[in-house]
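Number of protein chains: 2
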Amino acid sequence: MEEDKFVCSEICPHFNKINNVKSLEPKSEEYQKLSNMFKLFSDETRLRIICSLLKEELCVCDLCELLGLNQSQVSHQLQLLRNSKLVKFRREGKQIFYSLDDEHVELIIQMALNHILEEEKKNGRM
Amino acid sequence: MEEDKFVCSEICPHFNKINNVKSLEPKSEEYQKLSNMFKLFSDETRLRIICSLLKEELCVCDLCELLGLNQSQVSHQLQLLRNSKLVKFRREGKQIFYSLDDEHVELIIQMALNHILEEEKKNGRM
DNA sequence: TTTTCATATGAGTATTCGTTCATATGATTG
DNA sequence: CAATCATATGAACGAATACTCATATGAAAA
């Protein structure tokens, strides 16, 4: 790893830039947490579950019905979301109702959606 | 797939909820684009590259130096970012300079970072 | 208290994805 | 035009992860 960490002779290393960036960037622990968070959004199934819960509290079975997924699939994904404290749940008889436990999620997804939609508009015009 | 798409007898399907959610949620094509976008942020290496480019235009070699990665690794990740139009680049002699080609990226990461930091604060207090 | 229903979970498998190594490309320099 | 330098790319391998199937749990109903 260290052996091929080359620096392109004398031309390239823009050390002023590099030091500038170094001073501004998040700490490495934060990078890990950030990427873990984005990982939760990166699977389409999970994302659809999250977006569904944005609007309504739903039970596992509702999610299966809504998304056309089997129960095991939904429960496994919900487990991941639970572990990351992104969703909360309450029991009501035999059913368990899930809802989002985070105020930022909606904003983040909305931003990303804005990006997508603008991208579409841009490509539509060219 | 279809066979085990059960609906928990008569109790569960909260069809009014389900229909409400259905009417509000993004279209399935958008889900795919959204998850693809988040996938780009979900790898720590890629995320560090993105965050570095947030501040400065940098050449491949700068990124290697800055992040302690080998050239192949950086180029492969840049290829993914290029394919998704998240970065742009310009050639200057032998070097290629990359920069971000998107205004939303910074906002999205900032939101997520807010989330992380608040989470930390919350846990610190308990 | 046995059965049923909604959900959770573990193991196994298939697939996706990141890294590495080797090599290619394309611009510059001698 | 041969050599060198910065970067790109393809193939192979390994690790991570999503899905499936089978089974467990825990509440309610019979």
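Protein chains in written order, with the numbering used here: chain A, 14 to 139; chain B, 14 to 139. The C-beta atom is built at its ideal place from N, Cα and C for all residues, glycine as well. All values derive from a computational prediction rather than experimental measurement.
Alpha-carbon to alpha-carbon, residue j and residue i
{"i": "E16 (chain B)", "j": "N49 (chain A)", "result": "Reliability of the predicted coordinates at E16 (chain B) is poor, the pLDDT of 37 falling under 50, and the value obtained from them is presented with this limitation in mind. In a straight line, the C-alpha of E16 (chain B) is about 34 Å away from that of N49 (chain A)."}
{"i": "C64 (chain A)", "j": "E131 (chain B)", "result": "22 Å"}
{"i": "L126 (chain A)", "j": "K134 (chain A)", "result": "12 Å"}
{"i": "F102 (chain A)", "j": "L94 (chain B)", "result": "36 Å"}
{"i": "L79 (chain B)", "j": "H128 (chain B)", "result": "26 Å"}
{"i": "I31 (chain A)", "j": "E42 (chain A)", "result": "20 Å"}
{"i": "F51 (chain A)", "j": "E69 (chain A)", "result": "22 Å"}
{"i": "K35 (chain A)", "j": "N136 (chain A)", "result": "35 Å"}
{"i": "N29 (chain A)", "j": "F28 (chain B)", "result": "60 Å"}
{"i": "I62 (chain B)", "j": "V118 (chain B)", "result": "12 Å"}
{"i": "K107 (chain B)", "j": "N33 (chain A)", "result": "23 Å"}
{"i": "E38 (chain A)", "j": "E105 (chain B)", "result": "26 Å"}
Under 9 Å between C-beta atoms of residue i and residue j
{"i": "I122 (chain A)", "j": "L67 (chain A)", "result": "yes"}
{"i": "V73 (chain B)", "j": "V87 (chain B)", "result": "yes"}
{"i": "Q92 (chain B)", "j": "E57 (chain A)", "result": "no"}
{"i": "K98 (chain B)", "j": "D115 (chain B)", "result": "yes"}
Per DSSP, cross-strand counterpart(s) of residue i
{"i": "K101 (chain B)", "result": "B:S112"}
{"i": "C72 (chain B)", "result": "B:F110"}
Chain-ordered neighbours of residue i on chain A, where CB pairs are closer than 8 Å
{"i": "H117 (chain B)", "result": "M124, A125, N127, H128, E131"}
{"i": "Q90 (chain B)", "result": "Within 8 Å Cβ-Cβ: nothing; Q90 (chain B) doesn't reach chain A, min ~13 Å."}
{"i": "Y44 (chain B)", "result": "E57, L60, R61, C64"}
Chain B contact residues for residue i, given Cβ-Cβ distances below 8 Å
{"i": "F102 (chain A)", "result": "Going along chain B, no residue has its Cβ under 8 Å from F102 (chain A), so there is no contact; the nearest lies around 15 Å."}
{"i": "I121 (chain A)", "result": "I121, M124, A125, H128"}
{"i": "L94 (chain A)", "result": "Correct list: empty, because the minimum Cβ distance to chain B is about 14 Å."}
Beta-carbon neighbours of residue i, restricted to chain A and to distances below 7 Å
{"i": "V34 (chain B)", "result": "S65, K68, E69, L79"}
Chain B residues whose Cβ lies nearer than 7 Å to that of residue i
{"i": "L37 (chain A)", "result": "K68"}
CA nearest to the CA of residue i, picked from the options
{"i": "L120 (chain A)", "options": "A:F54, A:N83, A:G106", "result": "A:F54"}
{"i": "Y111 (chain B)", "options": "B:C77, B:M124, B:H117, B:G81", "result": "B:C77"}
{"i": "S85 (chain A)", "options": "A:G106, A:R104, A:R59", "result": "A:R59"}
Contact set between residue i and chain B, taken where Cβ atoms lie within less than 9 Å
{"i": "K52 (chain A)", "result": "F51, K52, F54, S55, D56"}
{"i": "L113 (chain A)", "result": "Going along chain B, no residue has its Cβ under 9 Å from L113 (chain A), so there is no contact; the nearest lies around 12 Å."}
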